[in-house]
Structure formats: C-alpha cells, structure tokens
Amino acid sequence: MKISVLLLSAVTVALSAAALGADLGAPAPATPPSGVEHLSLAEAVAEAIHSNPSLQARTHVANAAASDARAANRGRLGELNAVASYSYFSDDQILRPMSRELIANGMGGLPWDRDQLHYGLAYQVPLFLGGRLVNQVGIARLEAQKSEALREGSQWQVRFNAVSLYAAAQALDRVEAALAAQIETLGQTKANIDRMVAIGKRPEIDRLKVEDDLAATQAQLAAAKADRTRVGALLLALLGRDPASPLVVDSLPDSAPAPSPDRGELRELAMRATSVREAALDVDQAARAVSVARSAFLPQVVGSANYLENTGLGINRTLDTWGASVGVVIPIFSGTSDAQRLHASKERQAASREALAQAQLQASASLQDALARLDSSYAAVAAAKARVAASGEAARIEAIRYQTGAGSIEDLLRTLARKEAAFSALALARADQFTAAERINTLVEKEIFK
Numbered sequence: 001m002k003i004s005v006l007l008l009s010a011v012t013v014a015l016s017a018a019a020l021g022a023d024l025g026a027p028a029p030a031t032p033p034s035g036v037e038h039l040s041l042a043e044a045v046a047e048a049i050h051s052n053p054s055l056q057a058r059t060h061v062a063n064a065a066a067s068d069a070r071a072a073n074r075g076r077l078g079e080l081n082a083v084a085s086y087s088y089f090s091d092d093q094i095l096r097p098m099s100r101e102l103i104a105n106g107m108g109g110l111p112w113d114r115d116q117l118h119y120g121l122a123y124q125v126p127l128f129l130g131g132r133l134v135n136q137v138g139i140a141r142l143e144a145q146k147s148e149a150l151r152e153g154s155q156w157q158v159r160f161n162a163v164s165l166y167a168a169a170q171a172l173d174r175v176e177a178a179l180a181a182q183i184e185t186l187g188q189t190k191a192n193i194d195r196m197v198a199i200g201k202r203p204e205i206d207r208l209k210v211e212d213d214l215a216a217t218q219a220q221l222a223a224a225k226a227d228r229t230r231v232g233a234l235l236l237a238l239l240g241r242d243p244a245s246p247l248v249v250d251s252l253p254d255s256a257p258a259p260s261p262d263r264g265e266l267r268e269l270a271m272r273a274t275s276v277r278e279a280a281l282d283v284d285q286a287a288r289a290v291s292v293a294r295s296a297f298l299p300q301v302v303g304s305a306n307y308l309e310n311t312g313l314g315i316n317r318t319l320d321t322w323g324a325s326v327g328v329v330i331p332i333f334s335g336t337s338d339a340q341r342l343h344a345s346k347e348r349q350a351a352s353r354e355a356l357a358q359a360q361l362q363a364s365a366s367l368q369d370a371l372a373r374l375d376s377s378y379a380a381v382a383a384a385k386a387r388v389a390a391s392g393e394a395a396r397i398e399a400i401r402y403q404t405g406a407g408s409i410e411d412l413l414r415t416l417a418r419k420e421a422a423f424s425a426l427a428l429a430r431a432d433q434f435t436a437a438e439r440i441n442t443l444v445e446k447e448i449f450k
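Numbering-wise (my numbering), the sequence shown opens with residue 1 and increments by one.
What follows is the structure, given as structure tokens:
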C-alpha cells in the first residue's frame, strides 16, 4: 500500500504550483455540477476504511483465520462418522466376528452369508498426542491474532493513502487554477508587448520570449489536468468507486500540525504497531512449532469406538455389534527425519527472534525519520514564507523597471521564476509537513495529529 508515496513523488511539481495558486488568490474549485462526485476529506477517509476492496479482503482473511482457529480447537472433540460397506463373497462367510455368545447354539446356528451389508457409526478421539494438538491449536489462534492485527494496520495504511491522494487532488486543483491565471497574465503581457513592438519601444525578441513562456505554461496546464484525472481515478478506486467518475474535493486546512507530543510516548506506540506485533506473534508461533516437532518423539494415544449393523441379505438376518478400544503408538525409528524437522523448527524460531528485533528497529527508525521530516518542515515553511515575501517585492520592482524601460525582459522573467520557485518551496514544505504528520499517525496507529 505505497500508492501515496509514489504519487507524491510524481506530483512534486504540482504540489509546488498549488501553493503558488493559493497564495496568489487563485480561485477555489467551483461548486460541482450535477453528476460529479464530491468528497470532503473526512468523507474520503471514512469511505476508504469502510469500502476499500483490499481492506475488505483483509477482513475476510481475518475472519477465515478465526474460523480456522475454532476448527483446530474443536478437533479435540474427535470425529464421528457414518460408515457402510457391502460385500459379496465366493462362498458363505461369517456375518460378524466370532464370539462365545454366538456359538452357544452350536455351529449350525451361526450366521453365514455370502451377500453382506454392514453399516453404523465410528468415533475416534485423540487422548494424548505429545502436545501436538494443543500446540497446533495455539498456532492457529496466533495466526488469527496476526490476521486481525494486519487488518487493523491496513486500516491505517488505507487512511494514509486516502489522505495523501486527497491532498494531491486538492493541490492539482490549485495547480490548474494557478496556471490558468498565469496564462491570462502572460496573454495580457503579450498584448502589451505587441503594442510596444508595433511602436518600436520593444524589440521583437521580447514578444517571442513571452510567447515561449506562454506556450510552456499551456503545456504545463495540460499536464496538470492529466495528473488531476489520474489522481482522482486512484482516489475513487481506493474508495471502491468508479474511477471514471469526475471528482471534486475541498481545500485542505491551512493550519500547520501541532507540535509533536512526548517522543517517548510515540516510540512506545510504535513498538506496538502492526509490524512489530506481527513479528512478535511469529516468535510465539515458532515456539509452538518447536513443540509440535518435539511431539513426534512422544507416544500417541487414540481412543476409538464403533456401532455396526451387520445384515445378511441372503438369510435376511441382522446382528448388531459395538466396541471400544484404546491404541498406543510409540515412535522408535524414523530415519532421523523427526530430528531434522525439530532442528529446522528451532532454526525458524531463531530466525523469528531476529526478525522481531529487526521489526522493532525498523519501526523506531521510521518514526525518527517521520519526526525529523516534520521538524524540518516547520523551518522550511518559515524560510519559504520569507522567500515569498522577498521575491514578490522583487518581482513588483522588476515589473516597474521593465515598464519604464530600465529593465530587460530577461530580468523580469528571471524574477518571476524566482518568485514561482519561492512559492514552490512553500508548497513543498507545507505538503511535507502535512504528509509527515499523517505518516506519524500511521506509524503509531493512533490519531496524534488531527
């Protein structure tokens, strides 16, 4: 579930232009016409958690694992089966096993028949398997816990994807509005320069340079519209909706995330995240798997019972029999295969412990990275705001110089480029700030930043 990370990388330029549009007073998206999907951020998050197909699939997997655990536990009760067999022999044979009571009336009274039908019930129950059944039940229950943990963790990842895609869609809306406004400004500038060129006040090359910038901006607008369509389709697909439907989103809040809470508390929360819990459950499963492998060296005791109706079809006589027994199997030699399986299970147990340690380190490292990015975003936003103020004033002065003939078109375009770069830096810093805060929520699986 790394759609959002890849997406934000792909639309970095779009995010930069989004802040430019917002700070230049670019118009917000209009009220959506009928037939167009409209979503607020809260609606998108709630619908993603409720309707995302992959999350629904994870729920089904968790339910299946819970059913498997219940099935494994109920295996302790044994099995009751209906059994039946039909036999036709070359000569008459005894209908049921011989017994003292059966021969009390002499050999002539024995039930002989070549055409026989046997049917009834058979029951078998494990009495002692060396701990194999108990540990297999434990493994199944741990698997159910792991599936449930993965489902809960997937909810946070889906939430992160929904927020990231929503932010990208909103940013691209601002991109389109900002680029449209820039195209209008360049068109007016071109008209002014056309008049200046006509009266000989400005050279033809100035008009050509503005035309070049105008064409480049129009191409950027077309690319932004394509990116917006793609982002909207990805967001709708995440929600389980038709990706071809048009989508309108609201503007995101302008307020910055609150300062980070206690870092020690965040680290404790990260140590209880899904990835760490899953690794810890793997350790428990591996320990039980060792016990299962060790049970192969212990005796196995199984109880059984049956009740049969034995019918001789030729003599039209039915006799019932029943019995109960206890069987013991003591392993003596298996070609060292059991020993090798035990060794393999111990190696997997050691590997699971190392994987748990790695998961804990990775969770801590990811949290530190997200916290560092959030901290740096505060300074980046402050610096970008200063750049915006300075570059805006410089652009205003350079425009006056160009209109009075004291400046060149190159100086004006360079100043406008620096102004756009400042707005881009501000947009990128804000996007990093918003994404880092939401990433922390995902890593600790708690809504720290709302």
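Backbone N, C-alpha and C fix where the C-beta goes; we use that ideal spot for every residue, glycine too.
Nothing here was measured: the structure is a model prediction, and the numbers come from that model.
Problem - Range covered by the beta strand (DSSP E) that runs through T59 - result: Per DSSP, T59 belongs to no beta strand (DSSP E); it is in the alpha helix (DSSP H), 53-74.
Handout entry: Chain-order list of residues whose beta-carbon lies under 7 Å from that of L102 (same chain, five-residue window excluded)
Key = L110
Handout entry: W156 - partner residues in DSSP beta bridges
Key = According to DSSP, which records beta bridges pairwise, W156 is partnered with nothing at all.
Exercise for the section: Helix, strand or coil for A22, going by three-state DSSP, please let me know. Expected result: For A22, the predicted model reports a pLDDT of 36, less than 50, meaning its position is unreliable and no value from the coordinates is stated.
Handout entry: At least three beta-carbon pairs within less than 8 Å, the stretch 106-124 to the stretch 162-170
Key = no
Exercise for the section: Would you decide whether R202 is buried or exposed? Buried here means 16 or more other CB atoms lie within 10 Å of its CB. Expected result: buried
Exercise for the section: Mind the definition here: the stretch 336-345 touches the stretch 285-299 only if three or more C-beta pairs lie below 8 Å; say whether that holds. Expected result: yes
Handout entry: Same chain, Cβ closer than 8 Å to A394, neighbours up to 5 away in sequence not counted
Key = T415, R418, K419
Exercise for the section: Assign A451 to one of three DSSP states: helix, strand, or coil. Expected result: This structure gives no information on residue 451, because the portion of the chain shown stretches from 1 to 450.
Problem - Counterpart residues of G451 in DSSP-defined beta bridges - result: Because the chain is modelled from 1 through 450, residue 451 falls outside the range shown and cannot be assessed.
Practice task
May I ask you to list the residues that DSSP assigns as paired with F128?
Solution key: V301
Problem - Assigned exposure category for R228 - 16 Cβ within 10 Å defines buried - result: buried
Handout entry: Reference R471; option with closest CA among R58, R373, V137, D282
Key = With the chain represented from 1 up to 450, any question about residue 471 goes unanswered, as that position is not in the structure.
Exercise for the section: For P29, I'd like the list of residues in its chain whose CB is within less than 7 Å of its CB, leaving aside the five on either flank, ordered along the chain. Expected result: Residue placement at P29 is flagged as unreliable, the pLDDT there being 43, under the threshold of 50; a coordinate-derived value is accordingly withheld.
Practice task
Report yes or no: do the stretch 237-248 and the stretch 34-54 share at least 3 C-beta pairs separated by less than 8 Å?
Solution key: yes
Handout entry: Three-way DSSP call (helix, strand, coil) for P442 in this model
Key = The displayed chain sequence assigns Thr, not Pro, to residue 442. Here T442 sits in helix by DSSP.
Problem - Whether N316 touches L95 by CB criterion (7 Å) - result: no
Practice task
Measure the Cβ-Cβ separation of I409 and K209 and say whether it is below 7 Å.
Solution key: yes
Exercise for the section: Determine, using beta carbons only, whether L367 and A436 come nearer to each other than 7 Å. Expected result: no
Handout entry: DSSP-derived helix/strand/coil call for I94
Key = strand
Handout entry: Closest Cα partner of A84 within the set V302, Y307, L214, Q182
Key = Y307
Handout entry: L361 - containing alpha helix (DSSP H), residue span
Key = 337-403
Practice task
Could you tell me whether the Cβ atoms of P299 and I330 are closer together than 7 Å?
Solution key: yes
Exercise for the section: Could you please give the first and the last residue of the uninterrupted alpha helix (DSSP H) stretch that includes V248? Expected result: No alpha helix (DSSP H) holds V248; the beta strand (DSSP E) holding it covers 247-249.
Problem - L443 classed as buried or exposed, judged by whether at least 16 other C-beta atoms fall within 10 angstroms - result: buried
Problem - DSSP bridge partner residues for L319 (one or two, in chain order) - result: N310
Handout entry: Segment contact flag, the stretch 278-285 with the stretch 62-75, C-beta cutoff 8 Å, min 3 pairs
Key = no
Exercise for the section: Using beta-carbon positions only, say whether L129 and Q285 come within less than 7 Å of one another. Expected result: no
Handout entry: Any 3 or more C-beta pairs closer than 8 Å across the stretch 210-217 and the stretch 179-191
Key = yes
Handout entry: Reference S255, options V381, R396, S352, closest by Cα
Key = V381
Exercise for the section: Give the DSSP-derived three-state secondary structure of A17 in the structure shown. Expected result: Because the pLDDT of A17 is 36, which lies under 50, any placement of that residue in the model is unreliable, and the question is left without a value.
Exercise for the section: Tell me, please, which residues DSSP counts as bridged to E37. Expected result: L247
Handout entry: Start and end residues, alpha helix (DSSP H) containing G232
Key = 204-238
Practice task
Specify, as a first and last residue, the run of the alpha helix (DSSP H) that R277 falls within.
Solution key: 274-294
Problem - Neighbourhood of K190 by C-beta, 8 Å cutoff - its chain only, sequence neighbours within 5 removed - result: R207, V210, E211, L214
Exercise for the section: Could you work out which residue in E47, E148, A140, Y123 is closest to H60 when comparing CA atoms only? Expected result: E148
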